[in-house]
Structures are given as structure tokens and as C-alpha cells.
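Residues in the sequence shown are numbered from 10 upward in steps of one, following my numbering. Where is the CB? At the ideal position from N, CA and C, for every residue including glycine. Owing to the predicted nature of the structure, the values given are computational and were not obtained by experimental measurement. Inspection log for the structure reproduced underneath, given as C-alpha cells.
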Amino acid sequence: MIKNQFILYFTFLITGISQAEIIETHRSGKWTDSETWINGVKPGPSDSVLINIGDTVFINSSNTQCFYLKNMGILFFKSQTNFLKCKNAFFDDSEITGSYSGTFETENLYIEGGTIFGQFNLKVSNKLLIKDSLSLKSRIGSKKINDFINLGTLLNPANENIILFGNLQNTGTILLNEGTLTFMNPSVINGYLSVSKLKMNNSLVVMDTLIVSEELGGEGELINKGVIKLGMMNTNFKIDSLNLSYPNNELHLIRNGHQKIPKISKNRAEKIVLSGKTKYTLNTVNYIRTLDIKSKSSIELKKPLSLVSLYCNDTSHLSVSDDFTFDNTQNFYFGKKSTLEINNNQSFNHSIQVGNLSIPNSGKLTLNSDDTLKIGGNFTGEGIVNGNPIIEYNGSNRQKIKKKRLWNNDL
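Next up, the structure:
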């Protein structure tokens with residue numbers, strides 16, 4: 010729908026239905042030279058300008074203006090004081106660059122074909138839409154955009170930074186590499202977005218999927234209504250807060266190195282997934298609807314926490330101690346290779362099934378006599394199993410479990 014609206018909009022502009030004259034390049038040359046243009050007519054502020062394929066137009070004035078610009082060639086700034094302004098622009102298999110960072114300013118910019126941005130300053134006050142491909146080839150100059158809609162591909166081999174003042178909608182591919190994406194105002198991200206570095210100066214709402222691998226900084230609250238995946242070090246997480254209270258949202262922590270679960274507003278989270286092959290620390294949350302521990306991830310739960318559903322997959326490790334209990338946990342799943350380590354007193358009023366079970370001297374597990382403790386892996390430790398439950402032990406090693414009736418399927 011958005012794509013069709015913009016194509017119709019810019020098609021209308023191209024036709025030049027207005028009373029303004031269409032000025033077309035005759036050859037390469039300076040914007041202010043009459044020899045550059047067909048019939049020697051230089052464009053004015055109300056004219057539509059067409060730069061033909063193969064032509065290079067040099068912007069050599071600090072006050073160059075037109076109403077509509079279609080670029081199929083090259084625009085080139087020769088000085089940092091050079092300035093080009095139009096209401097609407099259409100770039101088709103074209104390039105805009107310079108030997109110095111001049112400024113191009115427009116309300117709307119539509120990108121088609123394989124367009125290249127080189128050295129210059131860009132200001133788009135309304136919308137930038139990429140239909141096909143845009144490649145950023147220089148870090149010199151700033152790129153400031155209000156709303157950004159990507160239907161195609163944005164490449165950033167120069168690691169250029171992009172500043173947005175509005176919303177971002179992505180149904181294509183955005184490859185920013187090491188470039189930083191900054192949101193200056195309250196904004197919304199729609200669609201899949203994966204970046205190394207993201208900064209925000211106000212609230213930012215994620216509607217679909219956002220991945221930040223290296224740095225998340227700035228002020229304001231990151232509001233998750235979709236899926237957020239974070240891979241940065243603790244020192245590179247510098248926003249005010251992360252809101253995980255909306256229904257069906259997920260936070261995935263994916264760093265392969267020690268990572269704290271970040272500050273979470275309202276102290277509640279719908280779903281947290283740990284998959285970073287590391288040890289995690291949980292500090293400021295008192296409610297988690299679902300905690301999903303994957304891969305080689307491990308976490309120790311110490312403080313009181315209302316945890317509704319728990320999933321321990323793969324070779325994950327969950328350690329519980331101090332004041333944490335499973336009193337409010339309704340759903341359990343422990344994979345056969347996962348490990349539950351109990352360092353305090355835990356009680357269940359129903360049967361449970363675990364993978365590997367470790368109960369050190371400081372731990373005690375209590376079940377009812379009519380319930381069953383199923384151990385799919387091995388049992389370690391000198392702790393106690395109380396309540397005289399039925400124990401089904403499938404470990405490969407013979408183990409001594411204190412206070413038990415034991416069925417060992419491998420004996």
C-alpha cells in the first residue's frame with residue numbers, strides 16, 4: 010500500500026502537470042551555466058529539473074533551488090557552502106556526492122534503481138523511501154531524515170551514521186555495518202531491523218523485531234511490543250529503561266559473554282529468552298511470565314520472583330538459592346541435558362521432571378509421598394530429597410539419593 014502510494018505520488022510529479030517548466034540537461038556542467046540546459050534555460054525555484062543519464066551537474070551556488078528534481082545522472086557539490094533545495098526528489102540509478110560536504114535539502118526523496126550517496130549533507134524533512142537500492146559510500150557529511158521507509162536495500166560500506174527524527178518502516182534489507190542509527194524524537198520501528206549501534210533521545214517503540222549487537226545508548230524508554238534481541242556488553246547498555254510489560258513481547262539476550270538482564274521498567278517482563286552461552290545476572294525484576302533458558306546459558310535466581318512458566322532447554326543451567334522459590338511457577342520444562350541446581354529449600358505439591366539434578370549440602374527438595382521426581386540425567390550432591398516421593402532415575406551413573414524410594418531404569 011505504501012509502495013503504491015509513493016509510486017503514484019512521484020509519477021504525478023514527474024509528469025509536470027503543474028504550470029512550472031520542465032528544465033532538462035543538455036550536457037554536463039554547472040547548475041548556473043545556461044550551456045548545461047536544453048535551450049539554454051536555467052532552472053528556477055518553481056521549475057521541475059531532469060538530469061539525464063550520463064550528465065554530471067555541479068552545484069556551484071549557495072542558493073540553488075527547484076520545485077521537483079529527477080536525477081538520473083550525478084549531482085556534485087564543489088564547496089561546503091553549496092546548497093541545493095527542492096520540494097520533492099526522485100533518484101533513479103543516480104549519484105549525489107562532492108569534493109566537499111555541500112547540502113541537499115528536500116521534503117520527500119524517492120530512491121529507485123542503484124543509487125549512491127557520497128560526500129554531502131542530507132536533510133529530508135518528510136519522507137525518504139527506498140524502492141530498490143541505496144548505498145552510502147562516505148562517512149563525511151550528515152544524513153538527517155524524518156520518516157524512513159525501506160522497501161528495498163540500504164547498504165552502508167562506509168559505516169555512515171544516520172539520524173532519524175521520525176519513524177522507521179522496513180520491509181526490505183538494512184545493512185548499516187558499524188554505522189550508528191539515532192532516533193532523536195519519540196519514534197516507532199515497524200519491521201525487522203538489525204544494527205550494531207542504536208541511540209535514542211526519547212521513547213522508541215519496537216513493533217516487530219529489533220536486534221542490537223554492540224551498543225544501545227541514549228535517553229528515554231525502549232518499549233517492546235515485538236521481539237528485542239540484545240548482544241552488547243553491560244557497559245554498552247545505557248538507556249533509561251526497557252519496557253517489557255506489553256502482551257506477547259519477548260526479550261532475547263544473545264551475548265556470548267557475561268551479561269546482566271538490563272533495567273526493566275515496572276519490574277515485570279512477559280518473556281525473557283537466554284541463549285548467549287554465558288552466565289546471566291537478574292537484578293530488578295519481580296515478575297516474569299515466561300523464562301526460557303537455552304543453549305549453554307546459565308542463571309542463578311536468588312531474589313523473590315513471581316515466575317509463571319520456566320523452560321530449561323539444551324545444556325542450560327539454572328541455580329536457585331537464598332529467597333527464590335518456585336511457589337508461583339505453574340509450568341515447568343527441563344530438557345534431559347539441562348541442569349537444575351538447588352541451593353536452598355524448595356517444595357513442590359506435584360510431580361516434576363528434570364534433566365540433571367544437583368542438590369549440594371545447602372539444598373533440600375521436598376515433594377509429596379504420592380508424587381514422582383523424574384530425573385532424566387544424573388544426580389549429584391549431598392543434599393536431601395524429602396517427603397518420600399517416588400524417584401525415577403535415568404542417569405548413567407549410580408548415585409546415592411538421601412531419603413528415597415528409587416527406580417533406576419539403567420540398573
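So who's on the other strand from residue i, going by DSSP bridges?
i      : result
Glu309 : Ser328
Asp156 : Lys136
Gln178 : Ile158 and Asn199
Arg428 : Examination of residue 428 is not possible in this model, given that the chain is present from 10 through 420 alone.
Thr112 : Phe92 and Asn130
Glu121 : Asp101
Buried or exposed: where does residue i fall if 16 or more other Cβ atoms within 10 Å of its Cβ makes it buried?
i      : result
Gln339 : exposed
Asp301 : buried
Gly53  : exposed
Ser57  : buried
His359 : exposed
Asn423 : Outside the displayed range of the chain (10 to 420) lies residue 423, so it cannot be described from this structure.
Asn292 : exposed
Asp332 : exposed
Arg264 : buried
Glu228 : exposed
Ile62  : exposed
Ser307 : buried
Ile47  : exposed
Glu391 : exposed
Lys238 : buried
So what's residue i in DSSP terms, helix, strand or just coil?
i      : result
Ile62  : coil
Gly49  : helix
Asn243 : helix
Glu44  : helix
Ile26  : Confidence at Ile26 is low in this model, with a pLDDT of 40, below 50, so its placement is unreliable and the value that follows should be read with caution. It is coil, neither helix nor strand.
Thr106 : strand
Asn370 : coil
Asp336 : coil
Asn211 : coil
Phe21  : Low confidence applies here, because Phe21 scores a pLDDT of 44, under 50, leaving its location unreliable; read the following figure in that light. In this structure, Phe21 counts as helix in the three-state DSSP scheme.
Asp301 : strand
Got a sec? Which residues, its chain only, sit under 6 Å from residue i by beta carbon, not counting five neighbours each side?
i      : result
Val236 : Thr218 and Glu259
Ser37  : Asp64 and Thr65
Asn179 : Asn159, Gly200 and Leu202
Glu169 : Leu145, Arg148 and Gly188
Glu224 : Lys206, Met241 and Asn245
Lys152 : Leu131 and Ile171
Asn354 : Lys373
For residue i, which residues of its own chain have a beta-carbon under 8 Å away from its beta-carbon, when the five flanking residues on both sides are left out?
i      : result
Lys87  : Phe67, Ile68, Asn69, Gly107, Ser108, Tyr109 and Gly111
Tyr255 : Ile232, Asn233, Lys234 and Glu279
Asn135 : Glu116, Asn117, Asn155 and Asp156
Lys96  : Phe76, Tyr77, Thr115, Glu116 and Asn117
Asn276 : Thr293, Val294, Asn295 and Tyr296
Ignore the nearest five residues each way along the sequence and tell me which others in residue i's own chain have a CB closer than 7 Å to its CB.
i      : result
Gly49  : Ser43
Lys146 : Ile125, Phe126, Gly127, Pro166 and Ala167
Thr45  : Thr34, His35, Arg36, Gly38, Lys39 and Val66
Asn377 : Asn358, Gly396 and Pro398
Glu309 : Ser328 and Ser330
Val197 : Asn176, Val214 and Met216
Gln268 : Asn243, Leu262, Gly285, Thr287 and Tyr289
Pro195 : Asn211 and Ser212
Asn257 : Glu279
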